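Numbering (the working numbering), first residue to last: 9 to 381.
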């Protein structure tokens with residue numbers, strides 16, 4: 009029910025003892041991403057194994073069958089030297105609700121009972137029906153108000169998901185959330201002394217998430233109704249072609265920055281097609297830019313005027329050639345993909361094409377391996 013692409017196989021060095029961490033597994037809309045890192049006694053870290061799998065059917069159908077998941081794990085182990093059965097994963101977006109909750113500071117500390125009471129006043133259901141956790145996203149010992157990002161999922165959804173994982177022969181060490189995984193990944197790749205403001209945009213099929221970080225501090229996580237499907241629909245309507253043809257054009261020619269003089273099958277210059285796609289898609293991207301500008305203003309307000317130094321793009325739209333170039337043109341900010349050289353131990357740029365897709369799985373795999381939890 010799936011196809012597997014082996015991206016990397018770990019390199020074993022008998023001279024140094026490395027201890028594997030948990031396997032980070034993200035079930036994205038179109039693919040499964042698995043990452044496992046390992047760490048030496050001296051703190052050196054490297055990639056042990058990585059695999060990306062394409063669903064043959066939909067994600068929901070795949071997760072409904074523990075047998076399919078079990079076969080996927082078996083195939084992944086053949087492709088790369090994954091070790092153990094402990095994993096860190098996330099709940100699916102449709103089963104997880106995240107919302108910010110403002111609460112009064114209590115001696116500069118986070119006050120879970122107060123957060124739960126405020127949360128109950130905001131939702132109709134009883135919070136006892138949910139599994140709930142939270143992450144501080146704004147706290148200051150001198151402030152009167154703090155903000156936490158609350159993650160909540162129905163008990164039955166969590167139990168069903170855990171049972172699917174268990175029956176596939178895996179042991180869930182932790183269920184995490186994407187903002188925490190992204191924060192962990194950025195912290196690990198930049199180093200603990202990194203204090204700049206960074207905006208991370210993780211694109212999905214129908215929406216995207218903007219995560220605003222200031223060093224290791226999570227400032228904001230916001231879901232936006234802007235995803236791959238909306239861009240494809242805009243392209244197909246403007247060019248009077250099918251959605252599949254629009255996606256093929258984007259995958260083939262990219263969104264911006266192509267100066268190729270090659271001739272397409274229709275007789276048009278490749279650069280002309282890319283320019284047309286850019287003009288068609290730019291109005292949609294401008295909607296995203298408006299939200300980015302709001303995030304920039306918020307970052308400056310929360311960090312005494314410090315600007316956002318970099319925008320990272322992840323997920324589906326980030327795979328499209330020229331997406332980073334187009335966003336950079338429109339925002340006038342450096343837009344790029346994460347570099348995993350420090351973690352993965354290969355020269356910068358090697359495997360760069362996979363970085364936008366595996367960022368969340370990498371952050372999940374890092375849980376418990378760095379001092380960021």
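Just so you know, even glycine gets a beta-carbon here, dropped at the ideal spot from N, CA and C.
Quick caveat: nothing in here was measured; it's all calculated off a predicted structure.
Under the DSSP assignment, residue 153 falls in the beta strand (DSSP E) whose first and last residues are 153-162. By the Cβ rule, the region 342-353 does not count as touching the region 220-234, because fewer than three pairs are nearer than 8 Å. Note: residue 42 is bridge-paired with 33, 59 in the DSSP secondary-structure output.
Residue state for residue 310 is assigned as helix, using DSSP reduced to three classes. Segment contact: the region 155-163 against the region 133-140, three or more CB-CB distances shorter than 8 Å; contact assigned. Inter-segment contact for the region 168-187 and the region 285-304 is absent: fewer than three beta-carbon pairs are separated by less than 8 Å.
Spanning the alpha carbons of residue 184 and residue 107 requires a straight line of approximately 15 Å. Classified as exposed, residue 250 has fewer than 16 neighbouring CB atoms from the shown chains inside 10 Å of its CB.
Excluding five sequence positions before and after residue 175, the CB atoms of its chain that fall closer than 6 Å to its own CB belong to 74, given in chain order. Distance from the CA of residue 62 to the CA of residue 42, rounded to the nearest whole angstrom, comes to 12 Å. In the three-state DSSP reduction, residue 281 falls in the helix class (H, G or I).
Nearest neighbour of residue 109 by Cα position, chosen from 217, 153, 340, turns out to be 153.
About 6 Å separates the CB atoms of residue 34 and residue 372; that is less than 8 Å, so the two are in contact.
Here DSSP, grouped into helix, strand and coil, assigns residue 205 to strand. The region 329-340 makes contact with the region 255-265, as at least three CB pairs between them are under 8 Å. With a cutoff of 9 Å on beta-carbon distance, residue 213 and residue 316 are scored as not near each other.
Within the same chain, 25 come within 7 Å of residue 49 by CB-CB distance, once the 5 residues on both sides are set aside. Linking residue 215 to residue 58 through their CA atoms gives a straight-line distance of about 26 Å.
With a cutoff of 9 Å on beta-carbon distance, residue 321 and residue 211 are scored as near each other. The shortest C-alpha to C-alpha distance from residue 205 to any of 304, 111, 96, 133 is the one to 304. Taking a contact as a CB-CB distance under 8 Å, the pair residue 44 and residue 83 does not count as one, their CB atoms being some 15 Å apart.
Taking all protein chains shown into account, residue 156 has 16 or more neighbouring C-beta atoms within 10 Å of its C-beta and is therefore buried. In this structure, residue 98 sits near residue 186, with a CB-CB distance shorter than 9 Å. By the neighbour-count definition (other C-beta atoms within 10 Å, threshold 16), residue 302 is an exposed residue.
Taking every protein chain shown into account, the CB of residue 39 has 16 or more other CB atoms within 10 angstroms, so this residue is buried.
If you draw a straight line from the Cα of residue 284 to the Cα of residue 367, it comes to about 30 Å.
Where residue 108 is concerned, the enclosing beta strand (DSSP E) starts and stops at 105-112. Residue 342 and residue 318 do touch by the CB rule: their CB atoms are close to 5 Å apart, below 8 Å. Just measuring C-alpha positions, the residue of 364, 370, 347 sitting nearest residue 325 is 364. Between residue 202 and residue 100, the gap from beta carbon to beta carbon reaches 9 Å or more.
In terms of Cβ geometry, residue 307 and residue 247 do not form a close pair [threshold 9 Å].
By DSSP's assignment, residue 320 forms a beta bridge with 208, 344.
Taking C-alpha positions only, residue 338 is separated from residue 297 by approximately 7 Å.
Only exposed fits residue 167, as fewer than 16 other CB atoms lie within 10 angstroms of its CB.
The beta carbon of residue 47 sits closer than 7 Å to the beta carbons of 26, 27, 29, 53, 377 from its chain, once the five residues preceding and following it are set aside; these are given in chain order.
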